Amino acid sequence: MIFTFGVLGFSNAGDYFSPFMIIFTTSVQGMATGILLAIVISDKATVMVLAAGMMLALGFTSGAFWPTETWPTFWQQVSQYHPLTLPLKSLSSSMTRGWHFHNINVLKGQLVGIVYCFILISVAIIVFQFKNRRFK
1 MIFTFGVLGF SNAGDYFSPF MIIFTTSVQG MATGILLAIV ISDKATVMVL AAGMMLALGF
61 TSGAFWPTET WPTFWQQVSQ YHPLTLPLKS LSSSMTRGWH FHNINVLKGQ LVGIVYCFIL
121 ISVAIIVFQF KNRRFK
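For what it's worth, UniProt numbering labels the leading residue of the sequence shown as 1, then goes sequentially.
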């Protein structure tokens with residue numbers, strides 16, 4: 001965020017806490033995904049290739065590279081269940097419109113990120129426990 005706002009000069013209409021929390025939960029979500037992949041797949045090269053392919057697909061289907069509003073209605077509805085779509089929209093609303101967490105659109109994006117974090121971490125713990133029992 002220091003690089004984004006300080007060096008690149010991006011404008012922020014609201015406070016810095018809302019974008020920070022959205023970026024933080026999205027980062028934890030990515031780390032939880034990487035941990036889950038590392039637990040499930042034992043080969044490092046396969047994990048790196050799968051993670052890179054998965055992140056590229058996530059970027060294209062979340063609206064990060066192309067706005068989801070231009071997609072057909074069916075795909076717009078499907079993209080709402082994507083783990084990055086609502087956090088990206090809430091980050092955009094927070095930075096351009098100055099909305100905070102008491103706005104439902106920003107809150108939904110934050111909650112989606114938190115829910116996906118809990119799901120990924122829970123699955124990683126369960127898989128890790130299962131793999132530990134198997135090797136004993």
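Think of the CB as a built atom: it goes at the ideal place given N, C-alpha and C, for glycine as much as any other residue.
Predicted, not measured: the structure shown is a model, and the values here were computed from it.
Excluding the 5 residues flanking it on each side, Phe60 has same chain C-beta neighbours closer than 8 angstroms at Trp66, in chain order. Shortest Cα-Cα distance from Ala38 to any of Met31, Tyr116, Val47 involves Val47.
Per the Cβ contact rule, the region 68–75 is not in contact with the region 4–16 (fewer than 3 Cβ pairs under 8 angstroms).
When the Cα atoms are used, Val7 and Ile119 turn out to be separated by approximately 35 angstroms.
Where Thr26 is concerned, the enclosing alpha helix (DSSP H) starts and stops at 17–40. Note on Gln129: under 16 other CB atoms within 10 angstroms of its CB, so exposed under the neighbour-count rule. C-alpha of Thr85 to C-alpha of Leu91: approximately 10 angstroms in a straight line. The criterion of a C-beta distance shorter than 8 angstroms is satisfied by Gly113 and Ile22. Scanning its chain for C-beta atoms nearer than 8 angstroms, with the 5 sequence neighbours on each side dropped, one finds around Leu88 the residues Ser62, Gly63, Ala64, Gly109, in chain order.
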